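Structure, as C-alpha cells:
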Amino acid sequence: MKRHLIFTSDDDSYFNDDKDLSVVNIQDPLNPVVERYSERMGGLAVGASDNYLVTAGGYGGIDFVNIADIVNCYRENNISVFVQSSIVLKDDYAIISCDETKKENLLDISDPYHPTILGPFLDNASNIIAVHEDLLFCIIDDEKHLMDISDPLNPIDLCTFELEGASYSTLFHDDYMYVSIRDNGKYLRVIDISNPSVPVVINQISIPKLCRGMAVIGNHIISFASPISSDCQSLIMAFDISEPESPVLVNDFFISYNILASAYTSETAYFIIEGGFSYYKEFQIWDISDPMNIYLKSVNHLPYSKDTYDIEVSEPFVFISQHIKYPDQGLLSVFDVSDPDNPAIVDSIECYAEDMIKRDNFIYAVHPNHGFSIVKLWD
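Counted from 1, the sequence shown has number 26 at position 26 by my numbering; the numbering is strictly sequential.
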C-alpha cells in the first residue's frame with residue numbers, strides 16, 4: 001500500500017495513506033518498528049503544530065491528530081472539507097472549492113505552516129470564475145455576480161447582472177472584463193466594470209473557438225482553445241486591445257496538440273500539451289514577444305506522465321504538477337528556463353495538485369482526492 005512521508009520528529013517518522021496513520025520508530029535505523037493504527041486518518045499533510053499533525057484528504061476532510069503520546073495518537077478533531085479543483089488567493093486568505101454543496105471554504109494562510117479553516121466563504125452555493133484585486137466574478141444559484149472582497153471575511157455583493165450564455169474563461173484588464181461565451185455561437189464579450197456595481201456589456205465579437213487561458217501581453221490578449229473532439233488540434237489566438245473596448249483578432253493558427261494548461265510572461269508562453277495515440281505529455285515554450293509572429297522555441301518530454309494538471313511560472317523557474325505512472329504518485333517538477341532553448345529540470349517533490357498558485361516561496365495546491373496542501377520551496 002502506498003504511503004507518503006509527512007515529517008520526521010525525534011525518533012519517529014510519520015506516514016499516512018488512504019486508510020490510516022502509521023508510525024515508524026527509527027531509533028534503531030537498522031531495525032525500524034512499524035506500528036499501525038486502525039483509525040482512518042489518511043490524507044495529505046498540510047502542517048504540524050506542537051503536538052498535533054494536521055492532514056487533509058479530499059474525501060475525508062481535515063483531521064487534527066494528537067501525537068503527544070506516540071503510542072496512542074488519535075484523531076482529536078475533524079473538519080469536513082471536500083476539496084474539488086480550484087483555489088484563489090487574496091491577501092492572507094485562500095478560497096478553495098469544497099464539498100457537494102458547491103460552497104467555497106475560506107482559509108487563513110497568514111502562517112503557511114499552520115493554515116486555519118475559517119468556514120464557508122459565502123452562505124450560498126457558488127462557482128468562482130475569476131478574481132482580480134478586490135473584485136470577484138462568480139455564479140451563485142445560476143446568477144452571475146460581482147463581489148467586493150477587499151475584506152475577504154466580509155464579502156460584499158455588488159450586483160447581479162445578466163450575461164446570457166455559458167461563461168468559460170474570464171480576464172480582467174483595467175476597467176474591462178473579457179468573457180468567453182457560448183450563446184448560439186462563440187463570442188468574446190467586453191464588459192465595462194469602471195463602476196462594478198453597474199457592469200455594462202459594451203461589445204462582443206465572434207471568435208473561431210472558445211478562449212481558455214487568456215492573458216494580457218502588452219496591447220494584446222493571448223489565448224488558446226483546446227479541441228473538444230479527438231482531432232488533437234488546439235488554436236492559438238492573439239487579440240489586439242489597443243482600444244480595450246474593441247478587441248480585434250489579429251492572429252490565429254492551429255497546432256497539432258491538445259493544450260492542457262498555460263502560463264505566460266511578457267515574452268513567453270509555457271504550454272503543457274498532450275498528443276499522439278499514446279497521449280504523451282510535453283512542456284513547450286513559445287515566443288510571444290511579437291503576437292503577429294508567435295513561434296515554438298523548445299519541446300520537452302514529460303516522461304511517465306499519466307495526467308498533467310497545472311503550470312505556474314516565476315522566471316527563471318517553471319512549476320509543473322502532474323500524476324506520473326512509475327511510481328504511481330503526484331509530482332511537482334521544477335524547471336530552470338533561464339535558457340528557454342534548453343530548459344533543465346532542477347527539482348521535484350511528491351505533491352498532488354490539480355490547481356495551484358505560487359506566492360513567494362510557497363506553492364498552494366488543491367486536488368479532488370488529496371485535499372489542500374502547501375509546499376515550501378527553497379529560500
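Don't be surprised by glycine CBs; every beta carbon is placed ideally from N, CA and C. Since the structure is predicted, the reported quantities are computational estimates derived from the model, not experimental observations.
| task | Compute the distance between the beta-carbons of residue 333 and residue 348, then report whether it is under 7 Å. | result | What you label residue 333 is simply residue 333 of the sequence shown in a count that begins at 1. What you label residue 348 is simply residue 348 of the sequence shown in a count that begins at 1. In this structure, residue 348 lies closer than 7 Å to residue 333 by Cβ.
| said: Runs of 3 residues minimum, wholly inside the segment 95–152: which ones carry the beta strand (DSSP E) assignment? | reply: 104–108, 116–120, 126–132, 135–140, 143–148
| message | Residues in the same chain with beta-carbon distance under 8 Å from residue 331, minus the five sequence neighbours each way, listed in chain order, please. | response | Translated into the one-based positions of the sequence shown, residue 331 becomes position 331. Result list for residue 331: 321, 322, 323, 324, 348, 349, 350, 351, in chain order.
| task | Determine, using beta carbons only, whether residue 288 and residue 298 come nearer to each other than 7 Å. | result | Against the sequence shown, residue 288 aligns to sequence position 288. Against the sequence shown, residue 298 aligns to sequence position 298. In this structure, residue 298 does not lie closer than 7 Å to residue 288 by Cβ.
| Which residues in the same chain as residue 139 place their Cβ atom closer than 8 Å to its Cβ, once the five residues preceding and following it in sequence are excluded? | As a first step, residue 139 is located in the sequence shown; it is residue number 139 there, counting from the start. Excluding residues within five positions, the ones whose Cβ falls inside 8 Å are 126, 127, 129, 145, 167.
| query | At what residue ranges does the segment 247–331 contain a whole run of the beta strand (DSSP E), taking only runs of 3 or more? | reply | 248–255, 258–264, 268–275, 280–287, 295–301, 305–314, 317–324
| query | Between the segment 214–222 and the segment 191–204, do three or more beta carbon pairs fall short of 8 Å? | reply | no
| In its own chain, which residues sit with a C-beta less than 7 Å from the C-beta of residue 306, not counting the 5 before and 5 after it? | Here residue 306 corresponds to residue number 306 of the sequence shown, with the count starting at 1. Within the same chain, residue 306 has close Cβ partners 323, 324, 325.
| In three-state DSSP terms, what is residue 375? | Residue mapping note: residue 375 aligns to position 375 of the sequence shown, counting from 1. Strand.
| query | Can the beta-carbon of residue 311 be found closer than 7 Å to that of residue 270? | reply | Here residue 311 is taken as the residue at index 311 of the sequence shown, counted from 1. Here residue 270 is taken as the residue at index 270 of the sequence shown, counted from 1. Contact flag set, yes.
| Given a threshold of 16 other Cβ atoms within 10 Å of its Cβ, counted over all protein chains shown, does residue 190 qualify as buried or as exposed? | The count along the sequence shown starts at 1 and reaches residue 190 at position 190. Counting Cβ neighbours within 10 Å, residue 190 comes out buried, since at least 16 surround it.
| task | State the DSSP-derived secondary structure class of residue 173, mapped to helix, strand or coil. | result | For the purposes of this step, residue 173 is taken as residue 173 along the sequence shown, with counting starting at 1. Note: residue 173 maps to strand in three-state DSSP.
| query | Which one of 90, 184, 164 has the shortest CA to CA distance from residue 153? | reply | Locating residue 153 in the sequence shown gives position 153, counting from the first residue. Considering only alpha carbons, the answer is 90.
| said: Would you say residue 339 lies against chain C (beta-carbon separation less than 7 Å)? | reply: Among the chains in the structure shown there is no chain C, since it carries only a single protein chain.
| request: Could you tell me which of 252, 281, 249, 244 sits nearest to residue 259, measuring between CA atoms? | output: Within the sequence shown, the letter at position 259 stands for residue 259. It is 281 whose Cα lies nearest to the Cα of residue 259.
| message | Could you compute how far the alpha carbon of residue 308 sits from the alpha carbon of residue 300? | response | Here residue 308 refers to the residue found at position 308 when the sequence shown is read from its first residue. Here residue 300 refers to the residue found at position 300 when the sequence shown is read from its first residue. Rounded to whole angstroms, residue 308 to residue 300 spans 14 Å at the Cα level.
| Cut-off 6 Å between Cβ atoms - residues of its own chain near residue 179, not counting five sequence neighbours on either side | By one-based count along the sequence shown, residue 179 stands at place 179. If we look at residue 179 and ignore the five residues flanking it on each side, its Cβ neighbours are 167, 170, 189.
| First and last residue of the uninterrupted beta strand (DSSP E) at residue 186 | Position 186 of the sequence shown holds residue 186. Per DSSP, residue 186 belongs to the beta strand (DSSP E) from 186–192.
| query | Using the C-alpha atoms, what's the distance from residue 358 back to residue 249? | reply | Walking along the sequence shown from the start, residue 249 turns up at place 249. Walking along the sequence shown from the start, residue 358 turns up at place 358. So the two alpha carbons sit approximately 31 Å from each other.
| field | Buried or exposed (CB count within 10 angstroms, at least 16 for buried), residue 319 | value | Position 319 of the sequence shown, counted from the first residue, corresponds to residue 319. Its Cβ being crowded by 16 or more others within 10 Å, residue 319 is buried.
| said: Based on DSSP bridge pairs, tell me the residues matched to residue 90. | reply: Here residue 90 is taken as the residue at index 90 of the sequence shown, counted from 1. Looking at the DSSP assignment, residue 90 forms a beta bridge with 93.
| query | Which stretch, first to last residue, makes up the beta strand (DSSP E) that contains residue 213? | reply | Within the sequence shown, residue 213 is the residue found at index 213, counting from 1. 212–217 is the extent of the beta strand (DSSP E) around residue 213.
| residue 204, DSSP secondary structure in three states | Position 204 of the sequence shown, counted from the start, is the residue given in the question as residue 204. Here residue 204 sits in strand by DSSP.
| request: For my contact list, residue 317 and residue 262 are in at a C-beta cut-off of 8 Å; report their separation, rounded to the angstrom. | output: Taking the first residue of the sequence shown as 1, we reach residue 317 at position 317. Taking the first residue of the sequence shown as 1, we reach residue 262 at position 262. Going by Cβ atoms, the distance from residue 317 to residue 262 rounds to 16 Å, so no, they are not a contact pair.
| request: List the DSSP bridge partners of residue 241. | output: On the sequence shown, position 241 is the one that residue 241 refers to. Bridge partners of residue 241: none, in fact.
| Does the beta-carbon of residue 253 have 16 or more other beta-carbons within 10 angstroms, so that it is buried, or is it exposed? | Looking up residue 253 in the sequence shown gives position 253. By the neighbour-count rule (16 or more Cβ atoms within 10 Å), residue 253 is not buried but exposed.
| query | Looking only at its own chain, which residues have a Cβ that is under 6 Å from the Cβ of residue 107, when we skip the five neighbours before and after it? | reply | Numbered from 1 along the sequence shown, position 107 holds the residue referred to as residue 107. Cβ neighbours of residue 107 beyond the five flanking positions: 94, 115, 117.
| task | To the nearest angstrom, report how far apart residue 39 and residue 201 are at their CA atoms. | result | Position 39 of the sequence shown, counted from the start, is the residue given in the question as residue 39. Position 201 of the sequence shown, counted from the start, is the residue given in the question as residue 201. Here the model assigns residue 39 a pLDDT of 48, short of 50, so the residue's position is not dependable, and the following value carries that caveat. One C-alpha to the other measures close to 55 Å.
| Would the beta-carbon of residue 222 fall within 7 Å of that of residue 238? | Position 222 of the sequence shown, counted from the start, is the residue given in the question as residue 222. Position 238 of the sequence shown, counted from the start, is the residue given in the question as residue 238. Yes, the Cβ-Cβ distance between residue 222 and residue 238 is below 7 Å.
| field | Close Cβ partners of residue 265 (< 8 Å) along its chain, the five nearest in sequence each way excluded | value | Start at 1 with the first residue of the sequence shown, and residue 265 comes out as number 265. Taken in chain order, the residues that qualify are 313, 315.
| Given residue 244, which residues of its chain have a CB within under 7 Å of its CB, disregarding the five upstream and five downstream residues? | Mapped onto the sequence shown, residue 244 falls at position 244. Counting only Cβ-Cβ distances below 7 Å, and skipping sequence neighbours, we find 173, 174, 176.
| Just checking my contact of residue 86 with residue 355 at CB under 8 Å: how many whole Å lie between their CB atoms? | Residue mapping note: residue 86 aligns to position 86 of the sequence shown, counting from 1. Residue mapping note: residue 355 aligns to position 355 of the sequence shown, counting from 1. Yes, residue 86 and residue 355 are in contact; Cβ-Cβ is about 5 Å, under 8 Å.
| task | Measuring alpha carbon to alpha carbon, tell me which of 205, 159, 161 ends up nearest residue 181. | result | Translated into positions along the sequence shown, residue 181 becomes position 181. That would be 205, whose Cα lies nearest to the Cα of residue 181.
| Rounded distance between the beta-carbons of residue 147 and residue 136, thought under 8 Å | By 1-based counting over the sequence shown, the position of residue 136 is 136. By 1-based counting over the sequence shown, the position of residue 147 is 147. Their Cβ separation, rounded to whole angstroms, is 4 Å, which keeps residue 136 and residue 147 in contact under 8 Å.
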